[in-house]
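The numbering used here puts the first residue of the sequence shown at 512, with every later residue one more than the last. First up is the structure itself, then whatever we jot down about it.
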Amino acid sequence: MYNSTLSCDSRVIIKSSAMILDQIQTPADIKSLSIDELNTLAEEIKVFLIESIEKTGGHLSSNLGTIELTLAMHYVFDSPNDTFVWDVGHQAYTHKVLTGRKSMMSTLRQKDGLSGFTKRSESEHDVFGAGHSSTSISAALGIAFANKLNDSSDTSIAIIGDGALTGGMSFEALNHAGDTDTNLLIILNDNDMSISKNVGALSKYLTRLISGKIYSTMKSKSLEFLERLPRIQKFAKRSEEHLKGMILPGTLFEELGVDYFGPIDGHDISILIKTLENLKNLKKPRILHIITKKGHGLEEAEENPLKFHGISPPSVSTNNFPSYSSVFGRWLCNSAKVDEKIIGITPAMSEGSGMVEFANEFPERFVDVAIAEQHAVTLAGGMAAKGLKPIVAIYSTFLQRGYDQFIHDIALQNLNVTFAIDRAGLVGADGATHAGIFDLSFLRCIPNITIIAPSSSIEMYKALNFANRLEGPVCVRFPRGKSSVEDFVTDSGFELGKGEIVRTGQETSIFAFGNMLEAAIEASEKINATVVDMRFVKPLDEELILKIANESKTLISIEDNTLNGGAGSAINELLQKNNIKTNLHILGVPDKVTDHGTQSELYELYGLTAERIIEVSKN
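Given below as structure tokens:
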């Protein structure tokens, strides 16, 4: 069909005039294709995705690894009657292409375009939305229950990666599924990778499945059997350990009451189709274990799946300053050198949270708990109870998953744990599922905690210094993206609950939280306003707020958090409590599901700009 030389920097592609992909409008269009045609289609999709994602940005490695699986699923099953529930959803690009959205892939992750994840409002084939991990089995089981109650024979299919299987919710769902007679098929996509390399006993278990004397005694006979099946023997040489599950079915899943099948080659369309056709006829909970390779078919991605997990579109930015995550990583390393009690904890986000250098320098003090945010929080509590200083690096959107543990295991016991809350505020292209716009609201109501929203990388470094010296739980939230300066390292901190006046004006005063300070300063220069870098959300600088409120005609607060219960609400509560009638305008993210787009587009959309500050100052 075509010849191609693939790389990230150069590509030569010769295409025929009759591409199979151009003829695919619905999943039904692939059902008449031969195996050879399906393999050709898989190659066409691979090239299409590489070209498309390089322009828009998105998740490359994970989608290259699931092309054959997606084709086989749509070939055997009938979507949307048979439902596909994708865990996380960032590996569903081929699914989008096959379900009528190919022409819109150029809008992927862009404002008013396709979501980078599955989204119910986008297509009837996206039966359940996702963005966080470990949800698919629970959701698919719920759908299977509904099918049973409705006397439907449709199959509910959950597609989950081995990394997501470390999430406790997955085991809760598996335990329940094994006690039901629902028509649930779980496809375990074992690629030995989540975002960071998988860790923990479960990951090791999946690569061994069955070990010890039984396997040793059966190995020779099993290999004799495999020699009679050349295709399987070839696969066995590449993945011998995984074949233990083919020899003996007594696995963890069987013990939970879920029938186990596999492992099989997740890139062999013929084997996938035959296996799925057989499993389709079963009507009880079962799990198919497939083995895939992230970045399959693109050498650079296969060799470095972490680098190609998520790629950004070409950028014209000239900002070479470090990211906020890198600033955190530098602080962690520098501080650990002088404080041996510091421990770094991450739930499978060492690269994203800037902790790789720390992990290399202090391996004995670095803990990656895998995708297990709840465990990460309580683990930190246990460490703190014995006098250590755990630093939990976690994205704002994922901290939501450890909320009960934060309250019960940290705050109520007033333990010394620092939370470095990354990707706070509007994150951009990843959209609503990853927006960190709720943390100020759900944290502010918890006793014993301190919440800091630094306005720059220098302020962030100071905040982390301060947090490390303070007794009790401390949250330091910072945005996605690059800092505004290169030199940020400092030994200084600041005083608890004290903001800083960065500009003095007349009549109008602006209370800026976090990275909204830049917009506040820009606006203040045009309306001659006082600007306060608030620094703290909890405790508020009440003395400073009341003083300024009594001296101003108009007050404006601005934050990249939802308006409901956020920092502006805290200021309003303070003014009401003290019977101060000064007009207060609260700017923040409105009470709605946020869109996806660039950060600047979203700031504009939700009025987190200098222009909007100027506008409300006139009212």
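Every residue, glycine too, gets a C-beta built ideally from N, C-alpha and C. Bear in mind the structure is a predicted one, so any value in this text is a computation, not a measurement.
* Asked: Going straight from the alpha carbon of THR618 to that of SER572, what length do you get?
  -> Counting from one through the sequence shown, the residue named residue 618 turns up at place 107. Counting from one through the sequence shown, the residue named residue 572 turns up at place 61. Taking the straight line from one Cα to the other gives about 19 Å.
* Asked: Can you tell me whether ASP850 is buried or exposed, with buried defined as 16 or more other CB within 10 angstroms of its CB?
  -> Taking the first residue of the sequence shown as 1, we reach residue 850 at position 339. So ASP850 counts as exposed.
* Asked: Looking at C-alpha atoms only, which residue of GLY855, GLN1017, SER836, GLY611 is the closest neighbour of GLY865?
  -> As a position in the sequence shown, residue 865 is number 354, starting the count at 1. Comparing Cα-Cα distances from GLY865 to each of GLY855, GLN1017, SER836, GLY611, the minimum goes to SER836.
* For HIS807, which three-state DSSP category applies? -> Within the sequence shown, numbered from 1, the residue matching residue 807 stands at position 296. Shown here, HIS807 sits in coil according to DSSP, grouped into three states, outside any helix or strand.
* To do: Just grab the DSSP bridge partners of HIS1096 for me.
  => Taking the first residue of the sequence shown as position 1, residue 1096 is located at position 585. Beta-bridge partners of HIS1096 (DSSP): ILE1067.
* At which residues does the alpha helix (DSSP H) containing LEU1171 begin and terminate? -> There is no way to answer for residue 1171, as the model of the chain reaches only from 512 to 1130.
* Can you have a look at HIS945 and say buried or exposed, based on whether 16 or more other CB atoms are within 10 angstroms of its CB? => Counted from its first residue, the sequence shown places residue 945 at position 434. By the neighbour-count rule (16 or more Cβ atoms within 10 Å), HIS945 is buried.
* Asked: Ordered along the chain, which non-local residues of its own chain (more than five positions away) have a Cβ less than 7 Å from that of LYS1049?
  -> Taking the sequence shown and counting its residues from 1, the one referred to as residue 1049 is at position 538. Once the five neighbours on either side are set aside, the close Cβ partners of LYS1049 are ARG955, ILE960, THR961, ILE962.
* To the nearest angstrom, report how far apart ALA747 and LYS805 are at their CA atoms. => Taking the sequence shown and counting its residues from 1, the one referred to as residue 747 is at position 236. Taking the sequence shown and counting its residues from 1, the one referred to as residue 805 is at position 294. For ALA747, the predicted model reports a pLDDT of 49, less than 50, meaning its position is unreliable; a value from the coordinates is still stated below. Straight-line spacing of the CA atoms in ALA747 and LYS805 works out to 19 Å.
* Asked: Between which two residues does the alpha helix (DSSP H) carrying GLU862 extend?
  -> The residue labelled residue 862 in the question sits at position 351 within the sequence shown. In the DSSP assignment, GLU862 falls outside any alpha helix (DSSP H) and carries neither an H nor an E.
* Mark ALA859 as exposed unless 16 or more other C-beta atoms lie within 10 angstroms of its C-beta, in which case mark it buried. => Against the sequence shown, residue 859 aligns to sequence position 348. Its Cβ being crowded by 16 or more others within 10 Å, ALA859 is buried.
* Pair within 8 Å by beta-carbon distance, ILE921 and PRO984 -> The residue you call residue 921 lines up with position 410 of the sequence shown. The residue you call residue 984 lines up with position 473 of the sequence shown. The answer is yes: Cβ separation under 8 Å.
* Asked: What's the call for SER649, buried or exposed, on a 16-neighbour Cβ count within 10 Å?
  -> Numbered from 1 along the sequence shown, position 138 holds the residue referred to as residue 649. Label assigned to SER649: buried.
* To do: Within its chain, find whatever has a CB closer than 6 Å to the CB of PHE857; leave out the 5 residues flanking it on each side and keep chain order.
  => By 1-based counting over the sequence shown, the position of residue 857 is 346. In the sequence as displayed, the identity of residue 857 is Thr instead of Phe. Within the same chain, and ignoring the five residues on either side of THR857 in sequence, the residues whose Cβ sits closer than 6 Å to its Cβ are SER864, MET866, ASP879, ALA904.
* Are the Cβ atoms of GLN1110 and GLY992 separated by less than 8 Å? -> As a position in the sequence shown, residue 1110 is number 599, starting the count at 1. As a position in the sequence shown, residue 992 is number 481, starting the count at 1. Cβ distance < 8 Å, so GLN1110 and GLY992 count as in contact.
* How long is the line joining the alpha carbons of HIS570 and GLY777, rounded to whole angstroms? -> For the purposes of this step, residue 570 is taken as the residue at position 59 of the sequence shown. For the purposes of this step, residue 777 is taken as the residue at position 266 of the sequence shown. In a straight line, the C-alpha of HIS570 is about 19 Å away from that of GLY777.
* Look at the Cβ atom of MET584, then the Cβ atom of LEU787, and state whether they are nearer than 8 Å. => Taking the sequence shown and counting its residues from 1, the one referred to as residue 584 is at position 73. Taking the sequence shown and counting its residues from 1, the one referred to as residue 787 is at position 276. Taking C-beta atoms as the reference points, MET584 and LEU787 count as a pair closer than 8 Å.
* Asked: Beta carbon of ALA881, beta carbon of THR691: below 8 Å?
  -> Position 370 of the sequence shown, counting from 1, holds the residue named residue 881. Position 180 of the sequence shown, counting from 1, holds the residue named residue 691. No. Outside cutoff.
* To do: Mark HIS1161 as exposed unless 16 or more other C-beta atoms lie within 10 angstroms of its C-beta, in which case mark it buried.
  => Outside the displayed span of the chain (512 to 1130) sits residue 1161, for which this structure offers no information.
* **Contact check, ILE1059 vs LEU1098, beta carbons under 8 Å** => The residue labelled residue 1059 in the question sits at position 548 within the sequence shown. The residue labelled residue 1098 in the question sits at position 587 within the sequence shown. Not closer than 8 Å, so no.
* On the three-state DSSP scale, how would you describe LEU799? -> Translated into the one-based positions of the sequence shown, residue 799 becomes position 288. Three-state result, LEU799: strand.
* **Endpoints, beta strand (DSSP E) assigned at THR1019** => As a first step, residue 1019 is located in the sequence shown; it is residue number 508 there, counting from the start. Under the DSSP assignment, THR1019 falls in the beta strand (DSSP E) whose first and last residues are 1019–1023.
* **Integer Cβ distance of ASN1075 from SER952, believed to fall under 8 Å** => Reading the sequence shown from its first residue, position 564 is the one you call residue 1075. Reading the sequence shown from its first residue, position 441 is the one you call residue 952. The Cβ separation is near 6 Å, so the contact holds.
* Close-in-space but distant-in-sequence residues of the same chain around CYS844 (CB under 7 Å, 5 per side omitted) -> If you number the sequence shown from 1, residue 844 lands on position 333. Excluding sequence neighbours, CYS844 sits near GLU868, PHE869, GLU872.
* Asked: Considering only residues of the same chain and omitting the five flanking positions on each side of ALA1038, which have a CB-CB separation below 7 Å?
  -> Looking up residue 1038 in the sequence shown gives position 527. Per the sequence presented here, residue 1038 reads as Ile, with Ala not at that position. Excluding positions up to five away in sequence, the list reads THR1019, ILE1125, SER1128.
* To do: Let me know the secondary structure DSSP gives ILE854 once reduced to three states.
  => Locating residue 854 in the sequence shown gives position 343, counting from the first residue. Strand.
* **For GLU1011, the first and last residue of its enclosing beta strand (DSSP E)** => As a first step, residue 1011 is located in the sequence shown; it is residue number 500 there, counting from the start. 1011–1014 is the extent of the beta strand (DSSP E) around GLU1011.
* Asked: According to the Cβ coordinates, are GLY936 and ASP1102 closer than 8 Å?
  -> Within the sequence shown, numbered from 1, the residue matching residue 936 stands at position 425. Within the sequence shown, numbered from 1, the residue matching residue 1102 stands at position 591. No, the pair does not count as a contact, with Cβ atoms beyond the cut-off.
* Between the CA atoms of ILE668 and THR594 - distance to the nearest angstrom -> Position 83 of the sequence shown holds residue 594. Position 157 of the sequence shown holds residue 668. For THR594 and ILE668, the distance between alpha carbons rounds to 6 Å.
* **Enclosing alpha helix (DSSP H) for CYS844 [first to last residue]** => Here residue 844 corresponds to residue number 333 of the sequence shown, with the count starting at 1. CYS844 -> alpha helix (DSSP H) spans 835–849.
* How is PRO958 classed by DSSP in three states: helix, strand or coil? -> To locate residue 958, count along the sequence shown from 1; it is residue 447. Three-state DSSP puts PRO958 in coil, outside helix and strand.
* **Through-space distance from ASN592 to SER781, alpha-carbon basis** => Position 270 of the sequence shown, counting from 1, holds the residue named residue 781. Position 81 of the sequence shown, counting from 1, holds the residue named residue 592. For SER781 and ASN592, the distance between alpha carbons rounds to 23 Å.
* Is the beta carbon of GLY679 sitting closer than 8 Å to the one on GLN924? -> Your numbering for residue 679 matches position 168 in the sequence shown. Your numbering for residue 924 matches position 413 in the sequence shown. Contact flag unset, no.
* Can you list, in chain order, the residues of its chain whose CB lies under 7 Å from that of PHE1005, leaving out five sequence neighbours each side? -> Your numbering for residue 1005 matches position 494 in the sequence shown. Here PHE1005 has LYS973, PHE977, ARG1046 as same chain residues with Cβ atoms under 7 Å from its own Cβ, once five neighbours each way along the sequence are excluded.
* Asked: GLY689: which of ALA887, LYS1092, TYR771 sits nearest, CA to CA?
  -> The count along the sequence shown starts at 1 and reaches residue 689 at position 178. It is TYR771 whose Cα lies nearest to the Cα of GLY689.
* To do: Output the boundary residues of the alpha helix (DSSP H) element that contains SER1035.
  => Taking the first residue of the sequence shown as 1, we reach residue 1035 at position 524. Element bounds for SER1035: 1028–1038.
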